[in-house]
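Worksheet: the structure to be examined is printed underneath.
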Amino acid sequence: MEFDATRPIWLQVMNALEMDIITGKRRPGEKLPGGRDLALSFGINPNTAARVYQELEKAGLCETRRGMGTFVTGDEARIAAGRDAFIRQTVREFLDRMALLGETPRSAAQIILREEE
Amino acid sequence: MMLESKEVTKTFGAKTAVDHISLSLEKGHVYAMLGPNGSGKTTWMKLAAGLLKPSYGLVYFAGEPVSIESRKHVAYMSTEPYFYTWMTVRDVGKYYQDFFEDFSYDRYLELLRKMELTESMKTKSLSSGMMAKLKIAVTMARDADVYMLDEPFNGIDLLARDEIRACILEYATEEKLLLLSSHLVEEMEAIADRAVFIKEGKLVECVDLEDMRTQQGVSMADRYRQIYGHTEG
């Protein structure tokens, strides 16, 4: 994975894992790699990797069971909520860019509908 | 505190290479040590490794002044070539094994395999890239508390740099301290978590990289340009 070194790396790895969880690539209850393995597979500092799990846990998307490791949450409502939050965030970013072009949410929606036809 | 530099100063004749550097380095972190050529990085590392004596101040390892004793716990890789030309890769390993109690020949073999080197190779016929990899393998085959690598990415091609980063990360545990100096700042963005900036022999700052990205939105390379911009190096 290529990182944007001007943004926190833990956040970029967290976003990648979030994406895997909300798209179902990583299933509810699935075991996640240990902190060291996460660090090695992404090529990041182990302290950064530990931060990724702390933040994912805060977001309710994973849980750490003592002595067993870190797992994707089994709470599917949480995952659905994470998916909704991600969609809203993506739409907001899109609308911000459209606003720079003078488009309102309504006119942007019409453009999307035309694109579908 | 694993390595602590208190007011450390080193002069060579009229030149002050390291100028009152006070710095505390903790285990469990990977530090990038940055600065242009001649800024004092190498001299500071040699002081911390016990290969040079400070003109003023001291470096402490685990609370004790750096000495012959602390060298047993500090693995240092210098930029200079330091093998006899008649040596094979096997001889280099045996030589280290004789010198350092914490050297593991098995670990050395594993590292050689990863670096695509073989025991029978002669050091004098190694390319500069292979020599750079051999130096890393023989240094990292020690089970030390501190690893100081001076310019580990120099002369190493893009693909082999991934190998070296992976090897460094494997050793970056809670119990160890790693310190890397390099001009290739981008190579260290993701593997280091702290950076030490040195300019003209003085410490500029020691920062947490993720905090800096969060608070200022700058990368380590950006900060490097801010500090050293428009100077040589």
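Chains A and B, in that order, give the protein sequences.
The opening position of the first sequence corresponds to residue 925 in my numbering, with each subsequent residue numbered one higher.
The opening position of the second sequence corresponds to residue 87 in my numbering, with each subsequent residue numbered one higher.
Backbone N, C-alpha and C define an ideal beta-carbon position, used for all residues, glycine too.
| Item | Value |
| --- | --- |
| Spatial distance of B:Ala252 from B:Met201 (CA atoms) | 11 Å |
| Under 9 Å from the C-beta of A:Gly967: neighbouring residues of chain B | Asp248, Arg251, Ala252, Leu255, Ala276 and Ile277 |
| Nonlocal neighbours in the same chain, by C-beta distance under 6 Å from B:Thr209, ignoring five residues either side | Phe169 and Met173 |
| DSSP three-state assignment for A:Lys949, whether helix, strand or coil | coil |
| Terminal residues of the alpha helix (DSSP H) in which B:Leu243 lies | Note that residue 243 of chain B is Asp in the sequence shown, not Leu. Note, B:Asp243: premise wrong, no alpha helix (DSSP H); not H, not E. |
| Backbone secondary structure at B:Glu112 - three-state DSSP | coil |
| B:Gly124 in three-state terms, based on DSSP | coil |
| Under 9 Å by beta carbon: chain B residues contacting A:Leu964 | Ala252, Leu255 and Glu256 |
| Assigned exposure category for A:Pro1029 - 16 Cβ within 10 Å defines buried | exposed |
| Contacting residues, own chain, Cβ-Cβ under 6 Å from A:Leu935 (five flanking each side not counted) | none |
| Continuous beta strand (DSSP E) assignments of at least 3 residues falling wholly in the stretch 245-270 of chain B | 263-267 |
| Distance between B:Gly215 and B:Leu244 (C-alpha atoms, nearest Å) | 11 Å |
| B:Ala148 at chain A interface by Cβ criterion, 9 Å | no |
| First and last residue of the uninterrupted beta strand (DSSP E) at B:Tyr142 | Tyr142 to Phe147 |
| Three-pair Cβ contact test at 8 Å for the stretch 125-144 of chain B versus the stretch 94-113 of chain B | yes |
| Rounded C-alpha distance that separates B:Ala153 from B:Pro167 | Correcting the residue identity first, residue 153 of chain B is Ser in this sequence and not Ala. Answer to the nearest angstrom: the Cα atoms are 23 Å apart. |
| Per-residue contacts from A:Arg990 into chain B (C-beta, under 7 Å) | Ordered by position in chain B, no residue passes the 7 Å Cβ test against A:Arg990, which lies about 17 Å from the chain. |
| Contact check, A:Ile945 vs A:Asn969, beta carbons under 9 Å | no |
| Span of the beta strand (DSSP E) around B:Thr209 | Careful: B:Thr209 lies outside any beta strand (DSSP E) and carries neither H nor E. |
| Validate contact between the stretch 289-304 of chain B and the stretch 142-158 of chain B using beta carbons, cut 8 Å, 3 pairs | no |
| B:Val152, DSSP secondary structure in three states | coil |
| Cβ-based contacts, 9 Å cut-off: residues of the stretch 998-1017 of chain A near chain B | none |
| Cβ of A:Pro970 within 9 Å of any chain B Cβ | yes |
| Exposed unless 16 or more other CB atoms sit within 10 angstroms - verdict on B:Glu187 | exposed |
| Outcome for B:Glu318 when other beta-carbon atoms lying within 10 angstroms are tallied against a minimum of 16 | Residue placement at B:Glu318 is flagged as unreliable, the pLDDT there being 47, under the threshold of 50; a coordinate-derived value is accordingly withheld. |
| Where A:Arg990 falls: helix, strand or coil (DSSP) | coil |
| Pairwise C-alpha distance: B:Ser268 and B:Glu286 | 16 Å |
| Reduced DSSP category for B:Val304 - H, G, I as helix; E, B as strand; rest coil | coil |
| First and last residue of the uninterrupted alpha helix (DSSP H) at B:Asp184 | Val175 to Phe185 |
| B:Leu198 and B:Val232 closer than 9 Å at C-beta | no |
| Cutoff 9 Å: B:Ala230 Cβ touching any chain A Cβ | no |
| Residues of its chain near A:Cys986, where Cβ-Cβ distance is below 7 Å and the 5 sequence neighbours each way are ignored | Leu956, Tyr977, Leu980, Thr994, Phe995, Val996 and Thr997 |
| Beta carbon of B:Tyr117 nearer than 9 Å to that of B:Leu263 | yes |
| Among B:Ala100, B:Ile254 and B:Leu120, nearest to B:Val293 - alpha-carbon criterion | B:Leu120 |
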